[in-house]
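S.K.: Those letters in the sequence shown? Residues 103 to 243, per this note's numbering, in order. What follows is a single structure, and I will ask about it in a moment.
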Amino acid sequence: IGFAVPIDTIRPVANGIISGGKPRHAWIGIVGETLTPQLSRQLGLADAAGVVLRSVEDGGPAKKAGLVGSTAPDNRPPRGGDVIVAVAGESIADFGDLTQEISSRSVGDRIDLTVLRDGRRITVTLTLADRPASQEGTCNQ
Numbered sequence: 103i104g105f106a107v108p109i110d111t112i113r114p115v116a117n118g119i120i121s122g123g124k125p126r127h128a129w130i131g132i133v134g135e136t137l138t139p140q141l142s143r144q145l146g147l148a149d150a151a152g153v154v155l156r157s158v159e160d161g162g163p164a165k166k167a168g169l170v171g172s173t174a175p176d177n178r179p180p181r182g183g184d185v186i187v188a189v190a191g192e193s194i195a196d197f198g199d200l201t202q203e204i205s206s207r208s209v210g211d212r213i214d215l216t217v218l219r220d221g222r223r224i225t226v227t228l229t230l231a232d233r234p235a236s237q238e239g240t241c242n243q
């Protein structure tokens with residue numbers, strides 16, 4: 103069985119192993135979900151695309167940059183949370199796009215995120231951290 107991994111995803115991990123002896127994975131500290139057309143309508147975000155934030159990890163880069171997670175219970179639409187719509191000027195259509203944009207960068211890189219908050223677009227800058235061991239294998243970024 104074989105599979106392909108883009109070099110932009112592997113390069114930062116390989117550089118971490120070469121320079122420090124262990125892999126380092128860029129992380130922003132969020133739990134989010136793709137903003138589908140149905141969810142966009144439920145939240146009153148006409149035709150928006152991106153990743154809506156369910157929660158923001160305490161002490162993570164997203165929290166330090168001022169990103170806001172949803173105030174709704176987990177089984178309800180994630181109202182009140184920021185929606186990431188672009189990373190470094192590149193549009194984000196879904197969680198896969200966000201993961202690709204983050205994982206293709208190195209720990210310590212500073213990036214600009216374009217976010218929808220209260221119907222306005224704002225830009226926040228954050229510094230990517232190394233994903234903590236407690237987050238290994240989870241479906242968050």
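Cβ atoms here follow ideal geometry from the backbone N, Cα and C, with glycine treated the same way.
1) Three-state secondary structure (DSSP) at I130?
2) Between which two residues does the beta strand (DSSP E) harbouring R143 extend?
3) Touching or not, the segment 127-147 and the segment 200-210, by the rule of three or more beta carbon pairs under 8 Å?
4) Tell me E159's beta-bridge partners as DSSP assigns them.
5) Once the 5 residues before and after V226 are set aside, which same chain residues still bring their CB inside 8 Å of it?
6) Count the CB pairs spanning the segment 189-204 and the segment 139-146 that are closer than 8 Å, and state whether there are at least three.
7) Less than 8 Å between the C-beta atoms of V158 and E135, yes or no?
8) At which residue ranges does the segment 171-221 contain complete beta strand (DSSP E) runs of 3 or more residues, listed in the order of the chain?
9) Apart from the five residues just before and just after L228, which ones in its own chain have a Cβ nearer than 6 Å to its Cβ?
10) Since R223 sits in a beta bridge, which residues does DSSP pair it with?
M.R.: Taking the geometry as given:
1) In the structure shown, the three-state DSSP call for I130 is coil.
2) No beta strand (DSSP E) holds R143; the alpha helix (DSSP H) holding it covers P139 to Q144.
3) Taking a contact to require three or more Cβ pairs closer than 8 Å, the segment 127-147 and the segment 200-210 qualify as touching.
4) The bridge partners DSSP lists for E159 come to none.
5) Excluding positions up to five away in sequence, the list reads A167, G168, L169, D214, L215 and V217.
6) Counting Cβ pairs under 8 Å, fewer than three are found: no touch.
7) Their beta carbons are not under 8 Å apart, which means V158 does not touch E135 by this criterion.
8) For the segment 171-221, the full-length beta strand (DSSP E) segments reaching 3 residues or more read 185-189 and 212-219 along the chain.
9) P163 and A167.
10) Within the DSSP bridge table, the entry for R223 names L218 as partners.
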